[in-house]
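Written below as structure tokens is the structure these notes are about.
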């Protein structure tokens, strides 16, 4: 039987359960709003979808919300994706690597500076 996201988060110990739910929900958001490709979403494209979804859902609070969950870099998105892959919540292509999530963008300017007065 497949583990729930809360259980996966508890076992991982690194990120809040809300972070796992956000990344998982973000895959669907990315397919609907960022790319027309539903069979495969690259790490970089998923990061873009997560960026848009965070800003749409949380606005100025996006940076605070994400960091509260333990997410401070796009690599953290990849860490969660690969935990979800290991737990059969997501899948990857043979050419995908966790390094696809490295330094896609910096959180501070991405989630903070666009809201400067």
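In our numbering, the protein residues as written are 22 to 138. Every residue gets a Cβ at the ideal spot worked out from N, C-alpha and C, and that includes glycine. Remember, it's a predicted structure, so these values are computed and weren't measured experimentally.
Can you list, in chain order, the residues of its chain with a C-beta nearer than 8 angstroms to that of residue i? Leave out the 5 residues immediately preceding and following it.
| i | result |
| --- | --- |
| residue 104 | 29, 33 and 41 |
Whose C-alpha, out of the options, is nearest the C-alpha of residue i?
| i | options | result |
| --- | --- | --- |
| residue 39 | 72, 101, 68 and 51 | 101 |
| residue 68 | 23, 47, 25 and 118 | 47 |
| residue 65 | 25, 129, 125 and 27 | 125 |
| residue 23 | 108, 118 and 98 | 108 |
| residue 35 | 92, 63 and 55 | 92 |
| residue 71 | 120, 51, 99 and 116 | 51 |
| residue 63 | 133, 117 and 37 | 117 |
Got a sec? Which residues, its chain only, sit under 7 angstroms from residue i by beta carbon, not counting five neighbours each side?
| i | result |
| --- | --- |
| residue 112 | 106 |
| residue 114 | 61 |
Please name the residue or residues paired with residue i in a DSSP beta bridge.
| i | result |
| --- | --- |
| residue 127 | 94 |
When you measure from the CB of residue i to every non-hydrogen atom of the ligand ATP, does any distance come out below 7 angstroms?
| i | result |
| --- | --- |
| residue 34 | Judged by which ligands are present, the structure shown has none, so any question about the ligand ATP falls away. |
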